[in-house]
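A.B. asks: Below you will find the structure I want to go over with you.
Number of protein chains: 2
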Amino acid sequence: MRIAIMIFEALTALDAIGPYEVLSRLPGSEVTFVGPQAGPIRTDNGALGLNVDVTIDDFPDPDVFLIPGGEGNRPLLTDERVLEWIRTAHETSQWTTSVCTGSLVLGAAGVLQGKRATSHWAYRELLSNFGATPTAQRVVEDGKVISAAGVAAGIDMALTLAERLAGSEVAKTIQLGIEYDPDPPFDTGSPEKAGPELVARVRADESG
Amino acid sequence: MRIAIMIFEALTALDAIGPYEVLSRLPGSEVTFVGPQAGPIRTDNGALGLNVDVTIDDFPDPDVFLIPGGEGNRPLLTDERVLEWIRTAHETSQWTTSVCTGSLVLGAAGVLQGKRATSHWAYRELLSNFGATPTAQRVVEDGKVISAAGVAAGIDMALTLAERLAGSEVAKTIQLGIEYDPDPPFDTGSPEKAGPELVARVRADESG
Chain D
113 MRIAIMIFEA
123 LTALDAIGPY
133 EVLSRLPGSE
143 VTFVGPQAGP
153 IRTDNGALGL
163 NVDVTIDDFP
173 DPDVFLIPGG
183 EGNRPLLTDE
193 RVLEWIRTAH
203 ETSQWTTSVC
213 TGSLVLGAAG
223 VLQGKRATSH
233 WAYRELLSNF
243 GATPTAQRVV
253 EDGKVISAAG
263 VAAGIDMALT
273 LAERLAGSEV
283 AKTIQLGIEY
293 DPDPPFDTGS
303 PEKAGPELVA
313 RVRADESG
Chain W
113 MRIAIMIFEA
123 LTALDAIGPY
133 EVLSRLPGSE
143 VTFVGPQAGP
153 IRTDNGALGL
163 NVDVTIDDFP
173 DPDVFLIPGG
183 EGNRPLLTDE
193 RVLEWIRTAH
203 ETSQWTTSVC
213 TGSLVLGAAG
223 VLQGKRATSH
233 WAYRELLSNF
243 GATPTAQRVV
253 EDGKVISAAG
263 VAAGIDMALT
273 LAERLAGSEV
283 AKTIQLGIEY
293 DPDPPFDTGS
303 PEKAGPELVA
313 RVRADESG
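Heads up: the sequence lines are chains D and W, in that order.
According to the working numbering, the first sequence holds residues 113 to 320 in order.
According to the working numbering, the second sequence holds residues 113 to 320 in order.
Here it is, written out as structure tokens:
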């Protein structure tokens, strides 16, 4: 099982690293961090350096690929080389996946036409620009495309994907191994639970 | 607020990146990835390259510091340079924190003497070797030391810490921003919930 996670300048790290921590524990899987250019990149806030090990051109046919989000994926929306890579990879992939605004890049590549999909709540409606049906669920599976909501939702998506790839016993073992027994001190992880004031704050941060 | 996250060869990435994604969103915070040696490192499974930006010697006095886990922290348990850095940093820190087996390194440095602390469930009892009281909670706060259980628990810990540092409104806004509204497809994130068979499997993987 050859899994490609695309990373790029100014990505949101947890979008990629949450799923990586799950998928790299699948028996027989090999996770490779690919990107438009090989070499070091920095995350959206600049605080963390990651490495792109393989350029996308050198890995055209992953079994599974994942596109994360972050402000750094805006240039990808019009990067024909990246979009063409996605279209080609999608032709032969078993699963095509995204976290957060990564689904907008899948959309720009044309692979969400007529599909249900999700994204970070603040950007979800933009999916309709790409012929997709924005769907307010944490993980949305439509055919072989699985999209996750914002940032932390990638962990839930990856466990769902782990089950599809290797069965529920393996996925449950991974959940126990990473002690994913979530217990946040607050219950404000979705706009509905957080209420309008916090939603307005996040929207202001996102646009700033 | 100067926050140092220690990373090192063969760490478990999510231990560090979960908290980073929360803490880097604190207004006025600056997260720096420090380590025994500056430069590129690889994670425990080798699939991901991260960069240590600053050596610990060049950052002796963080306001907050965090030690993650992973098989790569075993050598740190007897690395006097790292342990001395922890002792010195702890003298002036506002908060001293760990995720997963990072607490064992704090213990080896001597800063958990007489304190309650936690770790990944499979290693928690080892804390008693360092004069600490192993405590089966997801996040344990004792004085200015906050320890988290395994891997994914670092996100819950970081939200708790964000509240201590900046108040609950800020912490709640961060939770909404990263859409941390967890909904795993299974409920096997703790040994109690997973049952003895899955526990045995994870123990076999960990020892292998």
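The C-beta atom is built at its ideal place from N, Cα and C for all residues, glycine as well.
Short of 7 Å Cβ to Cβ, which residues in the region 149-163 of chain D face chain W?
C.D. replies: So the list reads PRO152, ASN157, ALA159, LEU160, GLY161, LEU162, ASN163, given in the order they occur along the chain.
A.B. asks: What are the partner residues of W:GLY237, as DSSP defines its beta bridges?
C.D. replies: Counting from one through the second sequence, the residue named residue 237 of chain W turns up at place 125. Per the sequence shown, the amino acid found at residue 237 of chain W is Glu instead of Gly. None; W:GLU237 has no bridge partner.
A.B. asks: Name the one or two DSSP bridge partners that W:ASP254 has.
C.D. replies: Position 142 of the second sequence, counted from the first residue, corresponds to residue 254 of chain W. W:VAL257.
A.B. asks: Looking at the structure shown, is D:GLU121 part of a helix, part of a strand, or coil, going by DSSP?
C.D. replies: Here residue 121 of chain D refers to the residue found at position 9 when the first sequence is read from its first residue. Here D:GLU121 sits in coil by DSSP.
A.B. asks: Hey, would you say D:ASP293 sits closer than 8 Å to W:SER231, going by beta carbons?
C.D. replies: By 1-based counting over the first sequence, the position of residue 293 of chain D is 181. By 1-based counting over the second sequence, the position of residue 231 of chain W is 119. No, the Cβ-Cβ distance between D:ASP293 and W:SER231 is not below 8 Å.
A.B. asks: Name, please, each residue of chain B whose Cβ falls closer than 8 Å to the Cβ of W:VAL263.
C.D. replies: Given the protein chain composition of this structure (D and W), no chain B is represented.
A.B. asks: Consult DSSP for W:THR200 and reduce its assignment to one of helix, strand or coil.
C.D. replies: For this step, residue 200 of chain W is matched to residue 88 along the second sequence. It is helical.
A.B. asks: Please say whether D:ASN185 and W:GLY161 have beta carbons closer to each other than 8 Å?
C.D. replies: By 1-based counting over the second sequence, the position of residue 161 of chain W is 49. By 1-based counting over the first sequence, the position of residue 185 of chain D is 73. No, the Cβ-Cβ distance between W:GLY161 and D:ASN185 is not below 8 Å.
A.B. asks: I'd like to know if the region 261-275 of chain W and the region 117-135 of chain W are in contact, where contact means that at least 3 CB-CB pairs between them fall below 8 Å.
C.D. replies: Yes: the two stretches touch, three or more of their Cβ pairs being nearer than 8 Å.
A.B. asks: Check whether the region 277-286 of chain W and the region 239-254 of chain D are in contact - that is, three or more C-beta pairs closer than 8 Å.
C.D. replies: Contact fails: fewer than three Cβ-Cβ distances are below 8 Å.
A.B. asks: Anything in chain W within Cβ reach of D:ARG250, meaning under 9 Å, just list it in chain order.
C.D. replies: Your numbering for residue 250 of chain D matches position 138 in the first sequence. The contacting residues are GLU291, ASP293, PRO294, ASP295.
A.B. asks: Apply the 10 Å Cβ neighbour rule to D:ALA312 and answer buried if 16 or more other Cβ atoms are within range, or exposed otherwise.
C.D. replies: In the first sequence, the residue the question calls residue 312 of chain D occupies position 200. D:ALA312 is exposed by the Cβ-count criterion.
A.B. asks: Can you tell me the Cα-Cα spacing of W:ASP127 and W:MET113, whole angstroms?
C.D. replies: As a working note, residue 127 of chain W is residue 15 in the second sequence. As a working note, residue 113 of chain W is residue 1 in the second sequence. Rounded to the nearest angstrom, the two C-alpha atoms are 20 Å apart.
A.B. asks: Indicate whether D:THR144 and D:LEU123 have their beta-carbon atoms separated by less than 8 Å.
C.D. replies: Residue numbering aside, residue 144 of chain D sits at position 32 when the first sequence is read from its first letter. Residue numbering aside, residue 123 of chain D sits at position 11 when the first sequence is read from its first letter. Not a contact, by the Cβ cut-off of 8 Å.
A.B. asks: Could you work out which residues of chain D lie near W:ILE267, taking near to mean beta carbons separated by less than 8 Å?
C.D. replies: Residue 267 of chain W sits at position 155 when you count from the first residue of the second sequence. Those are ALA264, PRO294, PRO296, listed as they occur along chain D.
A.B. asks: May I ask which residues mark the beginning and end of the alpha helix (DSSP H) holding W:PRO308?
C.D. replies: Mapped onto the second sequence, residue 308 of chain W falls at position 196. Where W:PRO308 is concerned, the enclosing alpha helix (DSSP H) stretches over 308-319.
A.B. asks: State yes or no: is the beta carbon of D:GLU275 nearer than 8 Å to at least one beta carbon in chain W?
C.D. replies: The residue given as residue 275 of chain D occupies position 163 in the first sequence. For D:GLU275, the answer is yes, since a Cβ of chain W falls inside 8 Å of its Cβ.
A.B. asks: Please work out which residues of its chain come closer than 6 Å, Cβ to Cβ, to D:PRO152, disregarding the five sequence neighbours upstream and downstream, and give them in chain order.
C.D. replies: To locate residue 152 of chain D, count along the first sequence from 1; it is residue 40. GLY161, ASN163.
A.B. asks: Apart from the five residues on each side of it in sequence, which residues of its chain come closer than 8 Å, Cβ to Cβ, to D:ASP165?
C.D. replies: As a position in the first sequence, residue 165 of chain D is number 53, starting the count at 1. Around D:ASP165: THR144, PHE145, VAL146, ALA150.
A.B. asks: D:PHE298 to W:GLN287, Cα distance in whole Å?
C.D. replies: Sequence index remark: in the first sequence, residue 298 of chain D carries index 186 (1-based). Sequence index remark: in the second sequence, residue 287 of chain W carries index 175 (1-based). One C-alpha to the other measures close to 8 Å.
A.B. asks: At which residue ranges does the region 139-221 of chain W contain complete beta strand (DSSP E) runs of 3 or more residues, listed in the order of the chain?
C.D. replies: 142-147, 151-154, 161-164, 176-179, 207-211, all fully within the region 139-221 of chain W.
A.B. asks: Can you list, in chain order, the residues of its chain with a C-beta nearer than 7 Å to that of D:PRO296? Leave out the 5 residues immediately preceding and following it.
C.D. replies: As a position in the first sequence, residue 296 of chain D is number 184, starting the count at 1. So no residue of the chain qualifies.
A.B. asks: Kindly indicate if chain W contains any beta-carbon less than 8 Å away from that of D:LYS256.
C.D. replies: Indexing the first sequence from 1 puts residue 256 of chain D at position 144. It does not; no Cβ of chain W falls within 8 Å.
A.B. asks: Any idea if D:GLY181 is buried or exposed, counting beta-carbon neighbours within 10 angstroms, 16 or more meaning buried?
C.D. replies: As a working mapping, residue 181 of chain D is identified with position 69 in the first sequence. Looking at its Cβ environment, which holds 16 or more other Cβ atoms inside 10 Å, D:GLY181 is buried.
A.B. asks: Rounded to the nearest angstrom, what separates W:VAL217 and W:ILE119 at their Cα positions?
C.D. replies: On the second sequence, residue 217 of chain W is found 105 positions in, with the first residue counted as 1. On the second sequence, residue 119 of chain W is found 7 positions in, with the first residue counted as 1. Whole-angstrom Cα-Cα distance: 13 Å.
A.B. asks: Check each residue of the region 229-251 of chain D: if its Cβ is closer than 7 Å to any Cβ of chain W, include it; give the result in chain order.
C.D. replies: Those would be HIS232, TRP233, ARG250, in chain order.
A.B. asks: According to DSSP, what are the bridge partners of W:ARG276?
C.D. replies: Here the question's residue 276 of chain W lines up with position 164 in the second sequence. W:ARG276 is not bridged to any residue.
A.B. asks: Excluding sequence positions up to five away, which residues of its chain have a Cβ less than 6 Å from the Cβ of D:GLN225?
C.D. replies: Translated into positions along the first sequence, residue 225 of chain D becomes position 113. Contacts found: GLY243.
A.B. asks: 8 Å is my cut-off, CB to CB: does D:GLY279 come that close to chain W?
C.D. replies: Taking the first residue of the first sequence as 1, we reach residue 279 of chain D at position 167. Not an interface residue.
A.B. asks: Is W:GLU192 buried or exposed, if buried means 16 or more other CB atoms sit within 10 Å of its CB?
C.D. replies: Position 80 of the second sequence holds residue 192 of chain W. Its Cβ having fewer than 16 others within 10 Å, W:GLU192 is exposed.
A.B. asks: Where does D:ILE115 fall in DSSP's three states?
C.D. replies: For the purposes of this step, residue 115 of chain D is taken as the residue at position 3 of the first sequence. Three-state result, D:ILE115: strand.
A.B. asks: With 8 Å set as the bound, which would you pick, yes or no: does the beta-carbon of W:LEU126 sit closer than that to a beta-carbon of chain D?
C.D. replies: Along the second sequence, read from residue 1 onward, the residue named residue 126 of chain W stands at position 14. Chain D contact via Cβ: present.
A.B. asks: Using alpha carbons as the reference points, say which of D:ARG315, D:PRO172, D:ARG236 lies closest to D:ARG199.
C.D. replies: Residue numbering aside, residue 199 of chain D sits at position 87 when the first sequence is read from its first letter. Among D:ARG315, D:PRO172, D:ARG236, the Cα nearest to that of D:ARG199 belongs to D:PRO172.
A.B. asks: For chain W, is any of its Cβ atoms less than 8 Å away from the one on D:LYS227?
C.D. replies: Along the first sequence, one-based indexing puts residue 227 of chain D at 115. It does not: the Cβ of D:LYS227 has no partner Cβ on chain W nearer than 8 Å.
A.B. asks: Report the option in W:TYR235, W:TRP233, W:LEU239 whose CA atom is closest to the CA atom of W:LYS227.
C.D. replies: Numbered from its first residue, the second sequence carries residue 227 of chain W at position 115. Out of W:TYR235, W:TRP233, W:LEU239, W:LEU239 has the C-alpha closest to the C-alpha of W:LYS227.
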